Amino acid sequence: MSIDDDVALLERVPTLRLLGDASLRMLAIGSEQRDFVRGDVLFNLGDAADAGFVVQRGAFRVEDGAGAEMIAGPGALIGELALVVPMKRPSSAIALEHSSVIRVARSLFQRVLESDPAAAVRLRDEFAVRSSQIASDILMAGAKLTS
3 MSIDDDVALL ERVPTLRLLG DASLRMLAIG SEQRDFVRGD VLFNLGDAAD
53 AGFVVQRGAF RVEDGAGAEM IAGPGALIGE LALVVPMKRP SSAIALEHSS
103 VIRVARSLFQ RVLESDPAAA VRLRDEFAVR SSQIASDILM AGAKLTS
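Just remember that the working numbering sits 2 ahead of the position in the sequence shown, which is counted from 1.
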């Protein structure tokens, strides 16, 4: 894939779309593509997380330690929080078929945010909205459980 193809793919990811074209181009240039065959492990539960992954093609099964799972296909961002904070992987991801990802290192992501403060503010605001929504959802679920 070309840099322009990678930029177009990154633009499909809602979180990354907030960064704007120039920042997406920097991410596309600085990222690396990785290929997987069916059964290959992208990462395991408990691994150190230093990057996020955007699925280019194929699909990955992402499972947490409690048995919950989801399928991540083209355009999905796996490991979003790893882009902004050091952490251990809360899940495992395994290729379901021949697949490829764009690996976005946290260090690259942080350099992009430092070079574009307005993009960093947009991203912070998005995370604040999401956090508020999660808190509201938890309160509503708690109220349903106690009534």
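We put the beta carbon where it would ideally sit given N, CA and C, even for glycine.
None of these values were measured; they are calculated from a predicted model.
Under DSSP, the beta-bridge partners assigned to F62 are A74, A97. Q35 has I104 as its beta-bridge partners, per DSSP.
Boundaries cannot be given for V15, as no alpha helix (DSSP H) includes it and DSSP labels it neither H nor E.
The alpha-carbon of A61 is positioned some 32 Å away from that of D118. Between the C-alpha atoms of T17 and A121 there is a straight-line separation of about 11 Å.
L29 and V114 do touch by the CB rule: their CB atoms are close to 6 Å apart, below 8 Å. Between the region 37–55 and the region 133–146, the count of Cβ pairs shorter than 8 Å is below three; the stretches do not touch. Under the DSSP assignment, V87 falls outside any alpha helix (DSSP H); it carries neither an H nor an E label.
Between the C-alpha atoms of S101 and R40 there is a straight-line separation of about 8 Å. The criterion of a C-beta distance shorter than 9 Å is satisfied by G75 and V57.
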